[in-house]
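Converting from the sequence shown to my numbering requires adding 4 to each position, the first position being numbered 1. C-beta atoms are modelled at their ideal positions from N, C-alpha and C, and glycine is treated no differently. Please read all numbers here as calculations on a predicted model, not as lab measurements. I have placed the structure first, in the form of structure tokens, so that the comments after it can refer back to it.
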Amino acid sequence: MALLKKLKRALCAWWTGCRIRREARQAFRYDMREFMAGAGALHLDRRAAARAEIVMAYHVLEKGLTMPRRRLGFGQGAVLHLMSLVESFERRFGDDGQVRHAVGVLRAYREMHSGRQWNMPRLDAFLSSRAGIPAAVEPHVKRADFFAAKDAPFPVFAASRHVVRHFAGAVPRREIEAAVEIATTAPSACNRQHARVHAVDDPALRDRLFAMQRGTRGFGADADKVLVVTADLSSVRWAWERHDAYVNGGIFVMNLCYALHSRGIAHCILHWSVPPDVDRRAHALLGIPSCEAIVQVIACGMPPEEFDVAASPRLSAGDILTWHGGGRDDGCRGGTAS
Ligand SMILES: Cc1cc2nc3c(=O)[nH]c(=O)nc-3n(C[C@H](O)[C@H](O)[C@H](O)COP(=O)(O)O)c2cc1C
């Protein structure tokens, strides 16, 4: 009898495994088709994709304008590229707030070089034909002011958080532990708590990791600690939950960033958009189990007394909120609910 039960359980597990593998193949095939049909990189003729390309391009310059060790003449190729993207966008789609910010960033770049013997005739012509757009302001802040909103109401606190690429001191381990403790309040599907954190406290490991990540040029070497947030795939139960590691991990990352900010720790979120071989090498470098997916990397450090942050202006709620259905108008339509 016991043997029969055991056999039945094994058969059941085998059958469920077969079903989940089949569904996973179906789901990932679906994802691939959706990606091919939707990814901006493959459809630059779309307004949103063209705008995203411009935001990425101006962000490179915006970062350069706010770097700890700024150098004159940086990013000249990026300037030319951004100008041609803006011109092409304006021709095809007309006016846009983010595109205007791109022009503002180019003007700020020009102003940084004014009076320093830099001839930029192409940029000057570009800017003079858009004279109504002022230079973007990349905030220069004092540390005390930047972290002053830690006890403020949430909208004020949330607006005060920005990534910082200026690090000047060591963060005690207990501070990181306290922030991770706060971050554990993040919600997760069925409370399965997928997120794990691998804290790197060794400059050699940091440098090797950043060399793989390639998003920290000009500031990574100043970071005191690096947090690698992973999600344990062991918590994923069905094929349809294939994105859950990243969804739950991403929610955790946001909570962790707020926690770091609330404790006066400067952080810079770093992508983990890397090819499979790099992902495997990073797992090996840090001894991260293969069942944990790397979701995000966060550089941390104590900030200097004063520093610059990139403006990174946002779309408004009206730009991104779509109501479906004709329910009563409770005053929130197209704006922020307060
Ligand atoms: C998923 C993700 C990946 C990012 N990757 C990088 C990166 O590799 N290097 C970097 O300097 N900043 C990176 N950032 C920081 C963004 O540039 C920054 O969050 C964005 O411009 C908004 O600015 P704010 O966080 O200061 O408000 C990343 C942010 C996110 C959310």
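Distance cut-off 8 Å: residue i Cβ against heavy atoms of ligand 1
i      : result
Ile273 : yes
Arg169 : yes
Val103 : no
Ser266 : no
Thr234 : no
Val90  : no
His63  : yes
Ala172 : no
Leu217 : Before going on, a small fix: residue 217 reads as Gln here, not Leu. At least one heavy atom of ligand 1 is nearer than 8 Å to the Cβ of Gln217, so yes.
Val313 : yes
Ser320 : no
His166 : yes
Gln80  : no
Gly67  : Strictly speaking, residue 67 in this sequence is Lys, with Gly absent from that position. Yes, Cβ of Lys67 sits closer than 8 Å to a heavy atom of ligand 1.
Gln197 : no
Gln30  : no
Gln300 : yes
Ser294 : no
Thr220 : yes
Ser133 : no
Ser343 : Since the first residue of the chain shown is 5 and the last is 342, residue 343 is not available in this structure.
Beta carbon of residue i nearer than 9 Å to that of residue j
i      : j      : result
Ala183 : Arg210 : no
Val201 : Ala190 : no
Ala315 : Val103 : no
His271 : Ile298 : no
Asp236 : His265 : no
Ser92  : Ala54  : yes
Cys304 : Phe150 : no
Asp323 : Met71  : no
Gly173 : Tyr113 : no
His105 : Pro280 : no
Ala284 : Ala31  : The residue you asked about is not Ala; residue 284 is Arg in the sequence shown. For Arg284 and Ala31, no; Cβs fall outside 9 Å.
Val230 : Val257 : no
Phe161 : Ala153 : yes
Gln300 : His275 : yes
Leu289 : Arg212 : yes
Leu319 : Gly101 : yes
Val282 : Met216 : yes
Distance between beta carbons of residue j and residue i, contact taken as under 8 Å
i      : j      : result
Val83  : Leu65  : 7 Å
Phe214 : Gly224 : 4 Å
Ala243 : Glu27  : 4 Å
Ile273 : Val167 : 6 Å
His117 : Leu86  : Rounded, the Cβ-Cβ distance is 15 Å, inconsistent with contact.
Phe130 : Leu110 : 7 Å
Val233 : Gly253 : 6 Å
Pro138 : Gly119 : With 8 Å as the limit, Pro138 and Gly119 do not qualify as a contact, their Cβ atoms being about 18 Å apart.
Arg2   : Gly44  : Absent from the model: residue 2. The displayed extent of the chain is 5 to 342, so no value can be given.
Lys146 : Glu296 : Between Glu296 and Lys146 the Cβ distance is about 39 Å, and since that is not below 8 Å, they are no contact.
Ala193 : Asp248 : 6 Å
Checklist entry - Which ranges does the beta strand (DSSP E) cover as unbroken runs of at least 3 residues, wholly within the segment 76-160, from first to last along the chain? => result Runs of the beta strand (DSSP E) inside the segment 76-160: 144-146.
Next on the checklist: Report the start-end ranges of each beta strand (DSSP E) in the segment 278-341 that is 3 residues or longer and not cut off at the edges.
Outcome noted: The beta strand (DSSP E) runs lying completely inside the segment 278-341 and spanning 3 residues or more are 296-305, 310-312, given in chain order.
Item to check | 3-residue-minimum beta strand (DSSP E) runs that sit fully inside the segment 224-262, ordered along the chain | outcome: 229-236
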